[in-house]
Amino acid sequence: MRIAGVPGAAIAVVDRGELAWSEGFGVKNILTRDPVREDSLFEAASMTKPVFAYVVMRLVDEKRLDLDKPLVAYRRPANLGSDPNLELITARHVLGHSTGLPNWVSEPLVTSSAPGSSYTYSGEAFIWLQLVIEQIMGMGLGSVMQAKLFDPAGMSHSSFGWDEEIARSVVFGHSEPPEGEQKLPLQPTRELGDRLLRVASRWRKPIASWTYEDSVKAMQETDPKTPPSTHDLLVNSAGGLLMTASDYAKFMLLMMDRPKRAAWEISDAARQAMLTPQLDVRGRDISRGLGWELEQSSAGLLYQHSGSNYGIFKTLGVGDAQSGRAIVVFTNAANGNALAARIVREATGIDRLKSLI
């Protein structure tokens with residue numbers, strides 16, 4: 001970690017379909033030197049997407065949502081541009097990253113390709129699907145995730161909210177300061193969370209229960225001159241999850257081949273759909289399932305995802321559904337990718353660095 005320039009990390013391992021081990025390493029903050037513990041929270045970044053996808057598939061199982069019904073039939077966001085392709089985008093396109101929509105933009109949304117025709121990684125598409133889920137369920141994303149996944153799965157250290165306890169538990173992100181200089185970069189999530197917490201106190205409404213509209217209204221209250229960006233929303237299905245590495249490992253084992261499943265879990269058909277290639281990614285030896293990046297290796301089918309928030313949090317998770325093995329690595333530094341890939345390679349013999357480029 002010292003050589004890689006990574007102050008802190010958390011690792012969790014699943015073996016034979018069970019959480020086998022998890023531990024924190026290094027420090028949460030290079031200035032205070034507080035240690036990373038097993039229950040320290042990290043920004044999961046884009047590893048949020050498969051977690052959200054799992055809950056979407058629960059609603060598909062419950063017949064509340066049709067994977068192949070255009071999203072405009074459920075909800076038409078105000079930021080849609082003039083583009084007939086927008087009328088065709090479905091939840092399947094969103095989860096498989098084939099909507100044709102951009103990742104993050106401030107202007108009205110338009111597509112660059114026909115839905116379903118090509119790989120287009122899009123956070124904006126996930127926010128649209130988040131709006132649909134909130135519309136269907138009549139509650140905010142955090143409340144939906146708590147009821148449909150976090151509570152039944154025993155993921156007690158996972159949240160889309162922000163409060164004083166979370167603020168104490170979340171690690172700080174680190175950039176690459178000049179040699180010998182000890183300083184922290186801006187902490188966008190922490191700074192936004194602290195601002196919004198004052199609004200939540202006035203409203204007497206926890207951030208974890210906020211809807212998209214609540215988030216936008218709160219951001220306008222804290223900064224009336226700056227239009228809120230979807231990328232900066234705290235309650236964000238594309239990258240807003242705060243959690244421990246062990247909680248993410250608990251989630252990853254839900255994707256594995258197991259003889260018995262709890263009644264609340266998604267159906268085996270839904271699980272298989274998440275692990276079935278929807279689209280090949282041009283120029284890379286991978287494909288996209290529903291929520292997951294997939295790769296057929298010599299060891300079998302791997303499901304994986306990585307994440308990066310503000311360049312100061314890097315995360316990686318890799319699993320094998322058939323063998324029941326998975327590893328999760330969360331880091332709090334700009335150089336975290338190299339460390340995470342090396343840890344995965346040492347643990348599994350599989351080189352994941354190419355999936356992070």
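Taken in order, the sequence shown gives residues 1 to 357; the numbers are from full-length UniProt numbering.
Just so it is clear, CB atoms sit at the ideal spot from N, CA and C, and this is done for glycine as well.
Determine whether the beta carbon atoms of residue i and residue j lie at a separation below 9 Å.
i	j	result
residue 326	residue 314	no
residue 246	residue 80	no
residue 109	residue 124	yes
residue 243	residue 303	no
residue 163	residue 197	yes
residue 173	residue 310	yes
residue 445	residue 47	Since the first residue shown for the chain is 1 and the last is 357, residue 445 is missing from the structure and cannot be characterised.
residue 234	residue 209	no
residue 290	residue 320	no
residue 17	residue 257	yes
residue 278	residue 288	yes
residue 239	residue 4	no
residue 312	residue 175	yes
residue 70	residue 127	no
residue 85	residue 96	no
residue 211	residue 129	no
Give me the Cα-Cα distance between residue i and residue j, rounded to the nearest whole angstrom.
i	j	result
residue 91	residue 53	9 Å
residue 357	residue 306	Interpretation of residue 357 is limited by its pLDDT of 39, a score under 50 that renders its predicted location unreliable; the figure taken from the coordinates is listed afterwards. For residue 357 and residue 306, the distance between alpha carbons rounds to 10 Å.
residue 65	residue 136	8 Å
residue 353	residue 342	With a pLDDT of only 49 at residue 353, under the threshold of 50, the placement of this residue in the model should not be trusted, and no figure is reported.
residue 8	residue 31	12 Å
residue 74	residue 115	17 Å
residue 111	residue 72	15 Å
residue 275	residue 268	11 Å
residue 15	residue 199	43 Å
residue 27	residue 82	49 Å
residue 139	residue 132	11 Å
residue 263	residue 170	32 Å
residue 218	residue 349	47 Å
residue 329	residue 222	34 Å
residue 225	residue 33	37 Å
residue 331	residue 49	18 Å
residue 148	residue 55	6 Å
residue 121	residue 98	7 Å
residue 229	residue 106	7 Å
residue 293	residue 308	15 Å
residue 259	residue 253	13 Å
In three-state DSSP terms, what is residue i?
i	result
residue 32	coil
residue 174	strand
residue 345	helix
residue 356	Any reading at residue 356 is ruled out, since the residue's pLDDT is 48, under 50, leaving its predicted position unreliable.
residue 337	helix
residue 331	strand
residue 297	strand
residue 320	strand
residue 315	strand
residue 212	helix
residue 130	helix
residue 265	coil
residue 184	coil
residue 2	coil
residue 258	coil
residue 325	strand
residue 233	coil
residue 205	coil
residue 142	helix
residue 53	helix
residue 198	helix
Would you list the residues sitting across from residue i in a DSSP beta bridge?
i	result
residue 243	42 and 158
residue 10	24 and 330
residue 307	315
residue 15	18
residue 279	288
residue 302	295 and 320
Residue i CB to nearest chain D CB: under 9 Å?
i	result
residue 58	Looking at the structure shown, chain D is missing, and only one protein chain is on hand.
**Request:** Starting from the N-terminal side, write out each stretch of the alpha helix (DSSP H) that is 4 residues or longer and does not extend beyond the region 59-128.
**Result:** Here the runs fully enclosed are 91-95.
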